[in-house]
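Position 28 of the sequence shown, counted from 1, bears residue number 141 in my numbering, the numbering being contiguous throughout. Notes follow the structure.
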Amino acid sequence: MKDTKLSLEESLLNKYGPLLTMPQLADLLHRSPDGLRIALQSRQPYTEEINKAKLKIGRRVYFRASQIAELLNSDRLCGDRG
């Protein structure tokens with residue numbers, strides 16, 4: 114699993130760099146940017162995990178690629194679906 118994590122993280126870093134914009138993250142998650150923005154304002158377990166990777170620089174919102182890769186490789190985005 115560690116090799117998968119590294120390859121996903123490397124892939125994200127190669128494609129987007131260390132920070133993803135909201136439209137880039139939306140594309141990665143197969144969501145519309147507006148749909149993702151609205152979803153991230155809710156208090157769902159998966160949105161709280163994604164918001165931990167959020168970084169604001171001025172008015173711009175970015176997401177750390179390394180943390181997004183870690184989330185995608187974990188089961189923390191699934192919530193309590195068991």
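Cβ atoms here follow ideal geometry from the backbone N, Cα and C, with glycine treated the same way.
Check	Outcome
Might you give, ordered along the chain, the residues of its own chain that have their beta carbon closer than 6 Å to the beta carbon of Ser126, omitting 5 neighbours on each side?	Residue 126 is actually Leu in this sequence, not Ser. Only Ala178 meet the Cβ criterion.
Give every residue of the same chain whose Cβ lies closer than 8 Å to the Cβ of Lys165, excluding the five residues on either side of it in the sequence, and list them in chain order.	Gln180
Alpha carbon to alpha carbon, how far is Leu142 from Lys128?	14 Å
For Lys128, which three-state DSSP category applies?	helix
In chain order, what residues of the same chain lie with their CB nearer than 7 Å to the CB of Thr134, ignoring the 5 residues before and after it?	Tyr175
Does DSSP classify Arg156 as helix, strand or coil?	coil
Between Gln154, Ala182 and Asn186, which lies nearest to Leu132 when the distance is taken from Cα to Cα?	Ala182
Have a look at Ala139, Gly130, Gly171 and Arg172 and flag the residue whose alpha-carbon is nearest the alpha-carbon of Thr160.	Ala139
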